[in-house]
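Here's the structure, in structure tokens; my notes come after.
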DNA sequence: TCAATAGGTAGGTATTTGCCTAAGTATCTT
DNA sequence: AAGATACTTAGGCAAATACCTACCTATTGA
């Protein structure tokens, strides 16, 4: 339907969606230690390979990982820039909240000063 | 199906899923500036109220916001602790990657030293 | 008290997700 | 060249999502 939101147009949508799954987060955790082949990545999961490949595709589409094929082996690596982007989005609003707390703190401090 | 993953059991799943939507992120952005009623929050969005309420429920279930009703008005506020939790998950793996880069840097530095 | 206001419920639809099996297609390896 | 290896594609199904309209229920203010 035209009125319905169409699939994940946006980088943040895709990025956070990619992180909203334990399998995909485990892949990121693994890739943080170094690049790996698809089958090595898939080995720990009790899941058919095609299902696992879908998770990899979600991660790659979101830009969180990149992959390259040499011969019959596809190697995956983490793309930390995108993680950083998501991180920045979050800290921005944590920061906004801290600022307000700080302002409150300042206010209380001043109050203390005048007493 | 028993074999299928059951709905968002996990805090991280729920948290990241909640952030994977522009409407919900906009709510967080707004709440970072201060607490607000449901209708004030909903006003900017071209969406029926029940649809908007679903988004609020997703945010509340994820623990990203809390709400309380007084009279007929429900007030929503941000729960920054949960944002911080998600943030920590991400930075953990950004950090892992930086460590490896640092090690590489150290290696290159040493190589430079011996030359 | 009656109507406007603020929110909530019920129930319905299209799309997306997450999983599967079955059957490819390229590379190695022997 | 034949089999093993490492993915890939196709197609299918159930559950979750993201919307909607049509009511309903409390408050509050005139």
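Residue numbers (the working numbering), protein chains in the order written: chain S, 709 to 823; chain W, 709 to 823.
Using N, Cα and C, we set each Cβ at its ideal position, and we do this for glycine too.
Model, not experiment: these values are computed from the prediction.
Check                                                                                                                   : Outcome
Nearest-angstrom beta carbon gap, residue 721 (chain W) and residue 729 (chain S) [assumed within contact, 8 angstroms] : 7 angstroms
Proximity of residue 791 (chain S) and residue 793 (chain W) at Cβ, strictly below 9 angstroms                          : no
In DSSP terms, what residue 722 (chain S) is bridged to                                                                 : DSSP, once it has assigned bridges, lists no residue as partnering residue 722 (chain S).
DSSP bridge partner residues for residue 778 (chain S) (one or two, in chain order)                                     : S:781
Cβ-based neighbour list, residue 763 (chain W), same chain, cut-off 8 angstroms, excluding 5 preceding and 5 following  : 729, 731, 732, 735
Residue burial classification, residue 757 (chain S) (beta-carbon count within 10 angstroms, cutoff 16)                 : exposed
Three-state class that DSSP yields for residue 711 (chain S) in the structure shown                                     : Legend: pLDDT at residue 711 (chain S) = 43, less than 50; position of this residue unreliable, no value from coordinates given.
Test: residue 762 (chain W) CB closer than 9 angstroms to a CB of chain S                                               : no
Reduced DSSP secondary structure (H/G/I, E/B, other) of residue 772 (chain S)                                           : coil
Residue 770 (chain S) versus residue 781 (chain S) - alpha carbon distance                                              : 22 angstroms
Rounded straight-line distance, which links the Cα of residue 738 (chain S) to that of residue 727 (chain W)            : 23 angstroms
Positions along the segment 788 to 804 of chain W whose CB lies within less than 7 angstroms of some CB in chain S      : 788, 791, 792, 794, 795, 798, 799, 801, 802, 804
Option nearest residue 799 (chain S) by Cα separation, candidates W:784, W:759, W:740                                   : W:740
Contacts of residue 753 (chain W) in chain S (Cβ-Cβ under 9 angstroms)                                                  : By Cβ distance, chain S contributes nothing, its closest Cβ being about 12 angstroms from residue 753 (chain W), past 9 angstroms.
Residue 698 (chain W) - partner residues in DSSP beta bridges                                                           : Summary: the structure shown does not reach residue 698 (chain W), with chain W confined to residues 709 through 823, and so no result is reported for it.
Cβ shell of residue 743 (chain S) (< 7 angstroms), same chain only, five flanking positions each side left out          : 783, 784, 785
Closer than 8 angstroms at the beta carbon, the chain W residues around residue 721 (chain S)                           : 728, 729, 730
Endpoints, alpha helix (DSSP H) assigned at residue 748 (chain S)                                                       : 746 to 750
Beta-bridge partners of residue 786 (chain W), as assigned by DSSP                                                      : W:773
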